[in-house]
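*Asks:* The structure that follows is given in the form of structure tokens.
Numbering (the numbering used here), first residue to last: -15 to 122.
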């Protein structure tokens, strides 16, 4: 009986994870400025962001021509209410932009990238401004 209960709970968790993954989809955005992800500088252009694997712990950001693919390890974050549109949020310091958050429409749970050493260093000299790029969910 105990083994059946453990198996049932495990199955429920697996289905919940798969369901959450399926809802994430691919976020596509046209970023009008050069930006930084972790240590990589990416040129302006169209990008897609999606979860890697069933758990969604790791994600990738990829240019539309597939020449640029970067893996990212974001942390979960929550909004008071679900955003009405999918979006990428960047921190802007002077003329430099850092990818900070990824949100999908209708989902109050987003993904937040940890600040890189470079961003933390620049943040000491400049106040951050949030810049939102509206995205589509596919």
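Note that CB positions come from ideal geometry on N, CA and C, so glycine has one too.
Is residue 102 helix, strand or coil by DSSP?
*Replies:* Here residue 102 refers to the residue found at position 118 when the chain shown is read from its first residue. Residue 102: helix per DSSP, three-state reduction.
*Asks:* Distance check for residue 109 and residue 11, CA to CA, integer angstroms please.
*Replies:* If you number the chain shown from 1, residue 11 lands on position 27. If you number the chain shown from 1, residue 109 lands on position 125. The alpha-carbon atoms of residue 11 and residue 109 are separated by roughly 32 Å.
*Asks:* How many whole angstroms separate the CB atoms of residue 63 and residue 75, which I take to be in contact at a CB cut-off of 8 Å?
*Replies:* Position 79 of the chain shown, counted from the start, is the residue given in the question as residue 63. Position 91 of the chain shown, counted from the start, is the residue given in the question as residue 75. About 17 Å; that fails the 8 Å criterion.
*Asks:* Considering only residues of the same chain and omitting the five flanking positions on each side of residue 117, which have a CB-CB separation below 6 Å?
*Replies:* The count along the chain shown starts at 1 and reaches residue 117 at position 133. Taken in chain order, the residues that qualify are 13, 15 and 72.
*Asks:* Look at the alpha carbon of residue 9 and the alpha carbon of residue 92, and state the distance between them as a whole number of angstroms.
*Replies:* Position 25 of the chain shown holds residue 9. Position 108 of the chain shown holds residue 92. Straight-line Cα distance between these residues: approximately 15 Å.
*Asks:* Which runs of the beta strand (DSSP E) at least 3 residues long sit entirely within the stretch 35 to 103? Give them in chain order.
*Replies:* Counting only runs of 3 or more, we get 42 to 47, 53 to 56, 59 to 62, 70 to 77, 80 to 87 and 93 to 96.
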